[in-house]
Amino acid sequence: EQRRNLIDNYKSNRKQNNENIERDSISVALSQTS
């Protein structure tokens with residue numbers, strides 16, 4: 001049970017990180033075009 005929670009936390013953390021990375025690269029791209 002605890003191990004499954006760890007996996008769930010890991011997955012949601014990775015998802016969050018991916019969203020942050022996407023947002024960062026979008027803002028970088030926007031700042032480069034202006």
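Heads up: the sequence shown at position 16 corresponds to 16 in full-length UniProt numbering, and the numbers run straight through without jumps. All C-beta atoms in this analysis are idealised placements derived from N, C-alpha and C, irrespective of residue type, glycine included. This structure is a prediction, so every number in the text was calculated from the model and none was measured.
SER31 sits in a helix when the DSSP states are folded into three classes. Shown here, GLU19 sits in a helix according to DSSP, grouped into three states. For the pair ASP24 and ASN9, the Cα-to-Cα distance works out to about 22 angstroms.
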